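Sequential numbering from 1 applies to the sequence shown in UniProt numbering. Glycine is no exception: its CB is placed at the ideal position from the N, C-alpha and C atoms. Predicted model, so just to flag it, every value in this text is computed and none were measured. So the structure is just underneath, and the comments pick up after that.
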Amino acid sequence: MIMEDNKPKTNNFINTFKFVWTYWSGYRYAIVVLLFLLGIQTILQVFIPILTGKLVNSFTNSTGNWIIPAWICGTLASIKLFSYILRISTISLWSNATMKVTSKLVTEAFNRVQHLSTEWHINNFAGSIIRNINRGTWGFDKFINTLFMSIYPSILTSIGLLWILFRNGFWIGIIGFFGFIIFFFVTNSLSKNYLVPSFEEVNQVDTQMNGILSDAIVCNSLIKSFATEDYENQKFNQIVEQWRDKNKKVWWRMETFLSAQSLLFLMLETAIISIAIWLWYQGSRTAGDVITILASFQMAQGKMQEISNSISNLKKSITDLQEIINLEHINAKILDSESAVTLEIKLGKIAFKGVTFGYTKQKEPIYKNFSVTIKGGQKVALVGHSGSGKSTFIKLLQRLYDVQEGEITIDDQNIRDITQQSLRKAIAVVPQDPILFHRSIAENIGYGKPDATSAEIEEAARKAYAHDFIINLPEGYDCQVGERGVKLSGGERQRIAIARAFLADCPILVLDEATSSLDSVSEALIQKALDNLFIGRTTVIIAHRLSTIKAVDRIFVFSQGNIVEEGNHETLVSDLKSYYYSLYSVQSVVQ
Ligand SMILES: Nc1ncnc2c1ncn2[C@@H]1O[C@H](COP(=O)(O)OP(=O)(O)OP(=O)(O)O)[C@@H](O)[C@H]1O
C-alpha cells in the first residue's frame with residue numbers, strides 16, 4: 001500500500017514539544033538533575049543585588065569597619081565561583097545527553113527518508129532534503145537548549161528579582177510585574193505575527209536555493225558540455241536575490257522588534273528609578289536599597305531580554321523543525337502488510353495478472369488489465385519503443401510502485417504479501433547506467449553480498465571481465481570510484497554492476513540494457529559470462545539492440561503498456577509484417 005500524505009502540518013509549540021519529547025523522554029533523570037542544578041544557580045544569582053545593596057549600606061553606615069564589607073565581597077565572590085562550577089557541571093551533563101539525542105534524531109530522519117517511496121524521492125530535490133534535515137537538526141538542538149538552558153533559568157531569576165522589587169516597595173513591584181507582563185505580551189505577539197512569517201519565508205527560499213545548488217552541482221558535466229555556466233549562474237542569482245530580499249526583511253523586522261523592546265524597557269526603567277529616588281528622598285529607603293532596586297531591575301531587564309530573544313529563537317527553531325517533523329507525517333511509503341512473509345522461491349515464475357497501473361498525475365494508466373506469465377528459469381526480453389512501459393515492468397516487479405488493480409506474483413506468492421526486503425533481495429538488477437557509491441570498488445561489488453570475502457569479490461569481477469581493468473587502477477580493488485562512480489567509464493561501471501549481480505546470486509535477474517556501454521569485444525566476452533549467469537535463473541532483459549537477445553526464450557514486444565507481439569527471435573523475425581521485424585530490419589540496416 002502506498003500512502004501519500006504530503007500536506008505540510010503546521011507546527012505549533014505543543015506539536016513541536018511532543019515531537020522533541022519523544023526523543024528526550026528517555027533522559028528524564030538528566031532533565032530533573034539539570035533543572036535542579038539550574039534552580040540552585042538561579043537562587044544564588046538573586047542574592048547578588050541584595051548583597052550589593054548591603055555592601056553599599058555597609059560603606060555608608062559603618063566608617064572604618066572593614067570586616068562587614070570584606071565578608072560581603074567574599075560572599076559575592078564565592079557565589080560567583082560556585083555558580084561557575086555549577087554551570088560547568090550542568091553544561092557537561094547537558095551536552096552529553098544532547099549529543100546522544102540529536103544523533104538519534106539524525107539517524108532516524110535518515111532512515112525515514114530512505115524508506116520513503118521512489119515517487120517521493122523523484123519529486124524532491126536531494127539538496128532540499130539534505131538542507132531540511134540539517135536545519136531540523138539545528139532547530140532540534142536550539143529548541144531544547146532554549147527551553148531548558150535559557151528560558152527556564154531566566155524565568156526563575158526574574159521571579160526572584162520581582163520578589164526583591166516587591167520587598168523594596170509595593171508600587172515598584174507592581175510596576176515591575178505589570179511592565180514585564182506587557183513586555184511579554186508585546187514580544188510574543190510581535191514575534192508570532194511579525195517575525196515568524198518572515199522566518200518561514202526565508203526557510204522556503206533557503207530550501208529551494210539548496211535544491212537548485214545541488215541539482216546544478218550534480219549536473220555539472222551537462223552544464224559544461226553545453227557551456228551554460230552563465231545561464232545557470234543567472235538562474236541561481238535569481239534565487240539568491242530572493243534569498244537576500246527575504247533575509248533583509250528578517251533583519252529589518254528583527255531591528256524593529258528590538259527597538260520596540262528597548263522603548264518598553266526605557267519607559268519601565270524611568271518609572272522604577274523615579275519611584276526609588278522618591279522613596280529615598282522621603283527617607284524610607286537607604287542608598288543601599290536604591291542600589292538593590294536598580295541592580296535587580298537591571299538584572300531583570302537582562303533576563304527579560306534573554307527570555308524575549310529565547311522566544312524568538314524558540315519560534316525560529318519551531319520553524320526550522322517543521323520539515324523534519326513533517327517527514328514523520330509523510331506516509332509516502334510502500335508498506336509491508338502486517339502478515340507479510342519471506343518470499344520463497346522454488347522456480348522463479350513471475351506473473352502479472354490483470355495489472356492496471358499509472359504513475360501519479362498520468363492522464364491514462366500505462367498498464368490496463370495487463371497479464372503475462374514468465375516461467376521459472378525462462379529468459380525473456382522486453383523490447384519496444386521508448387516510453388512503451390518496459391522499465392515500469394521492472395519497477396512494478398520490484399514493488400517500487402504498487403499496482404492499482406490486479407496482482408503480481410512470484411511462484412504464486414503475491415508480492416504485496418511478502419516482505420519487500422526478501423523480494424528485492426531475490427532480484428538482481430543491472431541497470432543501463434549503474435549507480436555506484438563513492439566507496440571502493442571492492443565495496444561496490446560486494447554490495448549485493450555484504451559478507452563476501454575478497455576472494456569471492458575477485459571471482460565475481462573476473463566473471464564480469466572487470467578484474468583486468470581493476471588491477472590496473474592505482475589502488476586496485478581499494479580504488480575509490482568517485483561520486484556515483486564518475487571516475488569510471490560507462491562500460492567499467494556496467495562491469496562492476498554485472499560483477500555485483502554475479503556475487504548477489506539472486507534467483508531472478510534483470511538486465512536493463514546492461515551491456516550497452518561496452519565495446520563489441522567486451523560485450524561478446526561478457527555475453528558468454530552472462531549466459532552462464534542466466535542458467536537456473538529467471539531472467540528479464542530490457543533491450544533496444546535486438547542483436548543481443550537472439551538467444552532468449554521469449555521476446556515480448558511492448559507498445560503503450562501492452563504486449564503486442566510475442567515469440568522467439570526466429571518466429572518474430574520471420575513474420576515480415578510484424579513490428580518486431582520492422583524494428584529488427586531498421587537496426588540491421590543501421591548496423
Ligand atoms: N516516475 C514517473 N512518473 C511519471 N511518469 C513516468 C515515470 N516514469 C516513467 N513515466 C512515464 O511512463 C511511461 C513508460 O515509461 P518507461 O520508463 O516504463 O518506458 P520504457 O519503455 O522503459 O522507455 P525507455 O525504453 O526509453 O527506457 C513513459 O511515458 C514515461 O514518461
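Check	Outcome
Check whether the Cβ atoms of R399 and L382 lie closer than 8 Å to each other.	no
Quick one: using the 10 Å Cβ neighbour count with 16 as the cut-off for buried, is W251 buried or exposed?	exposed
Using three-state DSSP, classify S440 as helix, strand or coil.	strand
Enumerated in chain order, which unbroken segments of the alpha helix (DSSP H) with a length of 4 residues or greater are wholly contained in the segment 147-186?	152-167
By how many angstroms is the C-alpha of Q322 removed from the C-alpha of A260?	28 Å
So within the segment 405-474, which uninterrupted beta strand (DSSP E) runs reach at least 3 residues, ignoring any that extend past its ends?	405-410, 427-430
Please classify P8 as buried or exposed, where buried requires at least 16 other C-beta atoms within 10 Å of its C-beta.	Any reading at P8 must be qualified, since the residue scores a pLDDT of 47, below 50, and its modelled position is unreliable; no value is offered.
Does any residue of chain C bring its CB to less than 8 Å from the CB of S422?	The question asks about chain C, but that chain is absent: this structure has only one protein chain.
Using the C-alpha atoms, what's the distance from I151 back to residue 603?	It is not possible to answer for residue 603, since the shown part of the chain is limited to 1 through 591.
Give the single residue among C479, K463, E513 whose Cα lies nearest to the Cα of R500.	K463
Taking Cβ to Cβ, would you say G139 is nearer than 8 Å to S274?	no
Sort out for me which residues DSSP pairs F352 with in a bridge.	V372, I408
Pair every Cβ in the segment 332-345 with every Cβ in the segment 421-440, then say whether three or more of these pairs are closer than 8 Å.	yes
In terms of residues, what are the limits of the beta strand (DSSP E) holding R554?	554-559
I'd like the span of the alpha helix (DSSP H) that includes G288, first residue to last.	287-329
Quick one: is E523 buried, meaning 16 or more other Cβ sit within 10 Å of its Cβ, or exposed?	buried
Given that a residue counts as buried once 16 or more other Cβ atoms are within 10 Å of its Cβ, and exposed if not, what is R495?	buried
Do I508 and F19 have their C-beta atoms within less than 8 Å of each other?	no
Just grab the DSSP bridge partners of E566 for me.	F556
Whole angstroms is fine: what's the gap from F170's alpha carbon to A276's?	11 Å
Bridge partners for Q480 per DSSP, in chain order?	S440
Just to confirm, are K315 and S191 a CB contact at a threshold of 8 Å?	yes
Less than 6 Å between C-beta atoms, sequence neighbours within five positions excluded: which residues of the same chain meet that for T539?	K379, L509
Name the residue from I175, S578, H467, E241 whose alpha carbon lies nearest to the alpha carbon of I272.	I175
So is F178 buried or exposed if we call it buried at 16+ other beta carbons inside 10 Å?	exposed
For ligand 1, is there any heavy atom lying closer than 7 Å to the beta carbon of I217?	no
Report the option in I334, S58, S262, S284 whose CA atom is closest to the CA atom of Q301.	S262
For A381, name the three-state secondary structure that DSSP assigns.	strand
Mind listing, in chain order, the continuous alpha helix (DSSP H) runs of no fewer than 4 residues lying wholly within the segment 79-140?	118-123
Starting from I40, trace the beta strand (DSSP E) both ways and give me its first and last residue.	Note, I40: premise wrong, no beta strand (DSSP E); alpha helix (DSSP H) at 28-61.
Can you give the Cα-Cα distance for Y281 and N57, rounded to whole angstroms?	16 Å
Just checking, does the segment 401-421 make contact with the segment 436-446 on the three C-beta pairs under 8 Å criterion?	no
Does the Cβ-Cβ distance between A455 and I445 come in under 8 Å?	no
Measure the Cβ-Cβ separation of L93 and A30 and say whether it is below 8 Å.	yes
Does the segment 537-557 come close enough to the segment 360-367 to have 3 or more Cβ pairs within less than 8 Å?	no
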